[in-house]
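To start, the structure under review is shown below, and the notes come after it.
Protein chains: 4
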Amino acid sequence: MICLGLVALQHRGQESAGIVTSLGKSSKNFSVHKGMGMINNLFNDEAIRKLKGNLGIGHTRYSTAAASEVVNCQPFVVHTAHGALAIAHNGELVNCESLRREVLERGVGLSTHSDSELIAQSLCCAPEDVSEHDGPNWPARIRHFMTLAPLSYSLVVMHKDKIYAVRDSYGNRPLCLGKIVPVDAGHANINDQLAEGWVVSSESCGFLSIGARYVREVEPGEIIELSRNGYRTVDIVERPDYKRMAFCIFEYVYFARSDSMFEGQMVYSARLQCGRQLARESPLDADLVSSVPESGTAAAHGYARESGLPFGEVLCKNRYVGRTFIQPSTRLRQLGVAKKFGALAQNVEGKRIVLVDDSIVRGNTIGPIIKLLRDAGATEVHIRIASPPLQYPCYMGINIPTREELIANKLNADQLADHVGADSLAYLSVEGLVKAVQMNKAHVNPLKAGYCTACLTGEYPGGLPEELSW
Amino acid sequence: MICLGLVALQHRGQESAGIVTSLGKSSKNFSVHKGMGMINNLFNDEAIRKLKGNLGIGHTRYSTAAASEVVNCQPFVVHTAHGALAIAHNGELVNCESLRREVLERGVGLSTHSDSELIAQSLCCAPEDVSEHDGPNWPARIRHFMTLAPLSYSLVVMHKDKIYAVRDSYGNRPLCLGKIVPVDAGHANINDQLAEGWVVSSESCGFLSIGARYVREVEPGEIIELSRNGYRTVDIVERPDYKRMAFCIFEYVYFARSDSMFEGQMVYSARLQCGRQLARESPLDADLVSSVPESGTAAAHGYARESGLPFGEVLCKNRYVGRTFIQPSTRLRQLGVAKKFGALAQNVEGKRIVLVDDSIVRGNTIGPIIKLLRDAGATEVHIRIASPPLQYPCYMGINIPTREELIANKLNADQLADHVGADSLAYLSVEGLVKAVQMNKAHVNPLKAGYCTACLTGEYPGGLPEELSW
Amino acid sequence: MICLGLVALQHRGQESAGIVTSLGKSSKNFSVHKGMGMINNLFNDEAIRKLKGNLGIGHTRYSTAAASEVVNCQPFVVHTAHGALAIAHNGELVNCESLRREVLERGVGLSTHSDSELIAQSLCCAPEDVSEHDGPNWPARIRHFMTLAPLSYSLVVMHKDKIYAVRDSYGNRPLCLGKIVPVDAGHANINDQLAEGWVVSSESCGFLSIGARYVREVEPGEIIELSRNGYRTVDIVERPDYKRMAFCIFEYVYFARSDSMFEGQMVYSARLQCGRQLARESPLDADLVSSVPESGTAAAHGYARESGLPFGEVLCKNRYVGRTFIQPSTRLRQLGVAKKFGALAQNVEGKRIVLVDDSIVRGNTIGPIIKLLRDAGATEVHIRIASPPLQYPCYMGINIPTREELIANKLNADQLADHVGADSLAYLSVEGLVKAVQMNKAHVNPLKAGYCTACLTGEYPGGLPEELSW
Amino acid sequence: MICLGLVALQHRGQESAGIVTSLGKSSKNFSVHKGMGMINNLFNDEAIRKLKGNLGIGHTRYSTAAASEVVNCQPFVVHTAHGALAIAHNGELVNCESLRREVLERGVGLSTHSDSELIAQSLCCAPEDVSEHDGPNWPARIRHFMTLAPLSYSLVVMHKDKIYAVRDSYGNRPLCLGKIVPVDAGHANINDQLAEGWVVSSESCGFLSIGARYVREVEPGEIIELSRNGYRTVDIVERPDYKRMAFCIFEYVYFARSDSMFEGQMVYSARLQCGRQLARESPLDADLVSSVPESGTAAAHGYARESGLPFGEVLCKNRYVGRTFIQPSTRLRQLGVAKKFGALAQNVEGKRIVLVDDSIVRGNTIGPIIKLLRDAGATEVHIRIASPPLQYPCYMGINIPTREELIANKLNADQLADHVGADSLAYLSVEGLVKAVQMNKAHVNPLKAGYCTACLTGEYPGGLPEELSW
């Protein structure tokens, strides 16, 4: 079940993955399987059979150049004086350097540069003001860590027969709670029956595939304990009064899977709203609205509905083109080679096309696509991007290229249109984006809008720690 | 360029691939690179650099259980008394057993069971009635082979500085001709410049990516010679008078890439017409037309347009689910697990849905999808299949499961609806399909309709050779 | 140079290996390359080029079932408050469980079960009685660790521009010091010139291959500091008064390479002496003395010289038989299959043979060899083993099978002769072995004999810690 | 059993291997397993289980740069008009080019450049003068091939339930016959019992390991048929009257395993005789005779016995050094690095050493070994080579480097001694070699000496075909 859940989260990280399960009572009874690569390859029947127990945690990890090593695979398991602890972490500690210094000065050696080891070593030692005559007080240790580390993290921490689910007080990274619903015993094989259960996950998109239903999000600062007795909130750590919630808006724009739910709404719906808002902000007279499959489809449908223009497909994707690929010679590149896509020529010929995409990062792919459509006979190609220009790095868990690589730091919209050969190019505004993701939430006070838009505006929640100033 | 072309043909075969190039004059100057796997992996920079010459042929091969061996990779290179010959073959020889017997009785050993070796050995020996005082007469040898082997094949045969492109007299397998257009020398790197050139391919979808334009199809029975002097028809081998052309209709339905052109029309358009025809044949009162991404999308748009119902997305695809995968337990299967897809719940809730797909083969995947949509709140789910029931094996190059595995041989439409949990299920009729693929061709005389529909009707063009009777 | 040295130590461990080098001043300038497998495969040109600096440590690791994981590859690198520390360890901590408990109770998490991590975390924290106002006092920290951990270890610890070489106070595991001799500048390429340098190693056999000369052994309890200024003894930790030195005698018998020097004598010579002693203890009337190549050759030569019998080869080794191999059927096993060896039939026919080997562990291989010799015509085959019966486990770094697997715990010499089909079988006595390894050392007082013979006698130096009692 | 036999022949080729077995009656019932690599890796349990039948042939193939491809793995299987034929070939066809031309002009295509395919296609076609009204006459076809191809080959040809064993009329390549002896049924598992059987092999060294006994060699020109009824000579093809037998003398010198039997004598004995003869031809005053392990050991023992000097070991081999290895810098090479060997210093110090090796090819390894011995204290090092200088290429199956690479074509014995730093260096004479290999054969008329010494003398048996003249 954890494995199926991770398959649904594979888009959040393809570098490595792992699962740790627990037999409960004894602290020695962890089963661990971790490795480099995709879930499908890592978790064959044999690997799954070896994972014993009735609770567990899993993780899929991002591909970042710096630390693509086996030793950094999560969940991170550490042996403590009270038995083994397993930790999985979504996010990035903004003040990791100062946290690191503290741990090292305590006389603890660190064998990796990963945040997970840092969190683990932080939890291994009971703070002075935490009394533990009855055994380890994990919630108190977690609270202590949270007061030292403002963001960004969604965490699961497993010890014996309990899992703690933790979200930082800014709510920067997503984390939601689901309920596993028992199936009708009439049909089920007796061995397969499952009592009621609970699950937490960065995204809800895997819930249906494991027979679970979305219940609610874990609140910013909340520490939830999952055990045989269900779930209960054991603590809520507040953020500073003058600070607003800072949920990563990039999850809506790009990162999350479109069937996930955040704040009670489907990501697909938010993207469709972005397309509608974009049509309002940058309308056009054209024959056809289309998208770069599959990233821009939701927004393109939104644009089409709002504008009243027909939606139609203009590109066909080559399913078999991987990431690493032969470099065509200059001559072939010049031909506007778009080996990833083919043009549906008879749909395009003589048409004025609005092509919608979700975002522009380095700006490398859109030029060849426009060339391809013109070669296939399009008379005009207008680009509409359903998010604002991406301009700033993220220190909270999203892997954004350097400022120099971000095309929006080099060219404005008109220059970019020119550069890629579009007849026009327009972005969604930051205000428009915030409005769009709140469109379906009547109850949200837009003045209190709680989103982290740092990659778009450079305004980091809680400010940037000194160690990160650039 | 050949490599990029093969990437665009990767959907036609993922088991193995190869390229042979020729330096022209000398018969010893073939460069060969072949192997198991996908183009991306086989053809790295080094492999490509080693392929020298200015003409060449390439091939991607199908995954069929029986002969997944390196020795069967194409193109097949054979050394003859007149130098090396390279052959690539799309199709399957229906009378291979009798051809084989003839070759063996001539005292020739065969080291594989592949059709390519058989074709090669047939061409190695000049037939008695072919006089060759001036050197080998390849067109005459090819004609001789064609008279012995009625179908099915599209062939390319390379010798020294010439390539022969051959299509069987029934036109069963596709083959088309394209022109490589020189680019503006002003911008091009001098090394990358390319004079005019010619290309033949099973599908036209790769043409744009290599700077070529679709010219026409190679005609049934035609032998085209490509050389430094351009192309010319050197012979046309007729089929028996009483026989009609028999172009594989399954190429339209399923096999070809949607941006390819056959008979002057785009495959996507033909599929959209199938959807329109389906709406006429099996209309419905519903809230939403959708498709199983991405196979049914063109037909779904056609259905929506014809029926006037709105089109909307209901499924989100997990890009990272490969073919080999963990087997969920019965319990999880029962939950209607569709790990490949997620439901866009807020689009589905309370809706009556028409779900369009291009074909049903074994019928394994549709059930879990329906279950997923119902779990997500759909009130009705109706299945519409944009092709007739698939019931018979193909002996002409398409890898269709055994009759026992084909669900249409076990259940009729109503039984199948029941079996997969649909509110209704309807197929397109054979007549409807033939009509749909001719819809855009005003010039085609429908009475002379020239399609092989053997997998749908059991009527094999030219009859079944004795050796294949079952 | 480190890499070549490790190649010469490959016999000490084939599971994994690693090298860490240091650029000296800055604590961040470690280069690390580790992995599973043999030196030849792990250290290609690229890997070696990346290892920068002018000091470094390396390790090859044993194949033990329990912990064959990448995470356990040595050297172990740990980040401390004073910069990175790299540690390589030969041996096994007999009281690791109590050391582990201490570290955990200090609030430190441990992520592996390896001794190396334990040693590293022990060194990370300055003990209370060590004052460090001028920076870390590594020798004092090492001494502190040594007082807690009696045996068994030879250690190298690298920090910035210094390496500490440490041998436990019992001298259980070997460690020796060598001097790198500058070569004649007249011939040397300028880039290749090397000033004088120093090296420590578990065995001296690699010294010649890196241009070094054997100087002396590191003394039991000695802490040597290697730096730009040469080497100096910074401390000597004493063992309890009533305890004798306990150098592993199994190094002489089996483990070390025959060209290594221990205690001023060549291992080959010690083995030859064992053969001589064996001839005295168990003489025979025979035609030929031979050995199982190549393990018993030195002892066989000794036996031949002492007995006056001729030495001759009787077996030919198949160089290409690896470890994992096809299991012959019972029938073939019965035939006395010895696929690893062939018999030199014409040397064997009609002869009475004394076959000498260095040791018997499980007793599986000798039977088929005897059968092979008899099939080839030998009239008598007598087995002489140049070491006493192996009966007890080792907790100090040698990977000996379980007591149940050791044939000497199941059969005495006569029973074993019967079991393997020998005409007679005799072991060397423990006294004889100790005498033989001291034969060349006039200066050694045999009454103070300082060897660990635990695997032969069950007498563990320092007694067995409670946690290991069985 | 075939697999075990191939393991014993692994030294004859490590590039690829294969086994084909036959179920007998039906020509379709061949099981084939072939691939690149060593027997141990290719033939796991599963592979062996799939090989069905009670007769079969196997092959291990040489690593030659030109043709290291899967397609060249042997045995070669070809389908003929009379069913499948499997062929394995030891040797090289000296007139392959003219044979090739004949086959091609018959209208047969060849897909490889291997001799095996050529032989196969030759056998596929019945020659005009062979009448086959009762089915294929394989012996006649084989005889026909043998009259066209003088040498060099030992062949096994399998068809249905028969195997033909063939040796060329010069007896150039070895081939011998063995009898599989039934074992005592009292002990054998019923399934493992084996009736009497027959085996042919290039060398006899594998016979003991499969329960077989050496019977005799296949005679030059002999065609033996093996079947359910045992073996029988079906034909003997004579060589030209004026030609002598030409058995490859290099098999004795270097290639064969020392426990194999040729012409009634053990290869080890022949090598020992070479050492004796060498001592007679090039005697010395020295302290110790030793060898480069393990290639020169037999000859060194011979030299020691003849000269009366003591034999002793001076080098210790590193078992773990593979072929591909890190390139030491010039500095390290200069140090006389011999990473493959260590010096047994205490055996060498102050000694005058005769170092015997079997042959010198490129002369790269002996220099560093001499340097190593001098570094270890040897006062003199004299090299004695138990074969004549290797100067000419072989076109009959032995992979000898080019003339330019052979050190004997650049330096004479004295120059070479100088070059490698030896005090003296001497080869065995050609006459001495021929005498030595006949020493034990009282019955052989030395005037009729039947050896191919082409690589030593440039005199090719039967002369060189024009196509090979250089």
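Those protein sequence lines, which keep their order, are chains Z, D, B and R. Heads up, the first sequence is in UniProt numbering, so the first residue is 1 and it goes up one at a time. Heads up, the second sequence is in UniProt numbering, so the first residue is 1 and it goes up one at a time. Heads up, the third sequence is in UniProt numbering, so the first residue is 1 and it goes up one at a time. Heads up, the fourth sequence is in UniProt numbering, so the first residue is 1 and it goes up one at a time. Ideal Cβ positions, reconstructed from N, Cα and C, are used throughout, including at glycine.
| query | result |
| --- | --- |
| Cutoff 8 Å: residue 17(R) Cβ touching any chain D Cβ | no |
| Residue-chain proximity (residue 268(Z), chain D), Cβ-Cβ < 8 Å | yes |
| CB contact below 8 Å: residue 124(R) versus chain D | yes |
| Residue 205(B): contacting residues in chain R (beta-carbon distance under 9 Å) | 316, 318, 342 |
| Residue 427(B) versus residue 256(B): straight-line alpha-carbon distance, rounded | 20 Å |
| Own chain residues within Cβ distance below 6 Å of residue 8(D), not counting five before or after | 205, 206, 209 |
| Assigned secondary structure, residue 42(B) (DSSP; H/G/I helix, E/B strand, else coil) | helix |
| The alpha helix (DSSP H) enclosing residue 145(B), as first and last residue numbers | 138 to 148 |
| Simplified DSSP assignment, three categories, for residue 193(B) | In this prediction, residue 193(B) has a pLDDT of 49, which is less than 50 and means its spatial position is unreliable; nothing more can be read from the coordinates. |
| Identified DSSP bridge partners for residue 164(B) | 157(B), 225(B) |
| Cβ of residue 59(B) within 8 Å of any chain R Cβ | no |
| Proximity test, Cβ basis, 8 Å: residue 80(D) and chain R | yes |
| Stretch pair the stretch 222 to 229 of chain B + the stretch 138 to 154 of chain B: three plus CB contacts closer than 8 Å | yes |
| Close Cβ partners of residue 47(R) (< 7 Å) along its chain, the five nearest in sequence each way excluded | 33 |
| Neighbourhood of residue 189(B) by C-beta, 8 Å cutoff - its chain only, sequence neighbours within 5 removed | Residue confidence for residue 189(B) is low, a pLDDT of 45 falling below 50, so the modelled location carries little weight; the figure read from the coordinates is stated next. Hits under 8 Å: none found. |
| Cβ-based burial, residue 59(Z) [other Cβ within 10 Å; buried from 16] | buried |
| Rounded distance between the beta-carbons of residue 19(Z) and residue 51(Z), thought under 8 Å | 6 Å |
| Three-state secondary structure assigned by DSSP to residue 509(R) | Look at the range of chain R in this structure, 1 to 470, and you will see that residue 509(R) is not part of it. |
| Min CB distance residue 431(B) to chain Z below 8 Å | no |
| Residues near residue 458(Z) by beta carbon distance below 6 Å, same chain, minus five either side | 392 |
| Cβ contact check for the stretch 306 to 320 of chain R and the stretch 277 to 288 of chain R: 3 or more pairs under 8 Å | yes |
| Positions along the stretch 365 to 391 of chain D whose CB lies within less than 9 Å of some CB in chain Z | 372, 375, 376 |
| Chain Z contact for residue 246(B) (CB, 8 Å cutoff) | no |
| The stretch 121 to 130 of chain Z touching the stretch 83 to 96 of chain B, judged by at least three CB pairs closer than 8 Å | no |
| Neighbourhood of residue 271(R) by C-beta distance below 6 Å, restricted to the same chain and skipping five residues each side | 298, 299 |
| Residue 85(B) versus residue 144(B) - alpha carbon distance | 17 Å |
| Local Cβ density within 10 Å of residue 356(Z), reported as buried at 16 or more and exposed below that | buried |
| Residue 412(B) - DSSP class collapsed to helix/strand/coil | coil |
| Closer than 8 Å to chain D by CB, residue 116(R) | no |
| 6 Å CB neighbourhood of residue 323(R) in its chain, flanking five on each side removed | Reliability of the predicted coordinates at residue 323(R) is poor, the pLDDT of 46 falling under 50, and no value is obtained from them. |
| Counted within 10 angstroms of its Cβ, other Cβ atoms place residue 412(Z) as buried (16 or more) or exposed | exposed |
| DSSP-derived helix/strand/coil call for residue 85(D) | strand |
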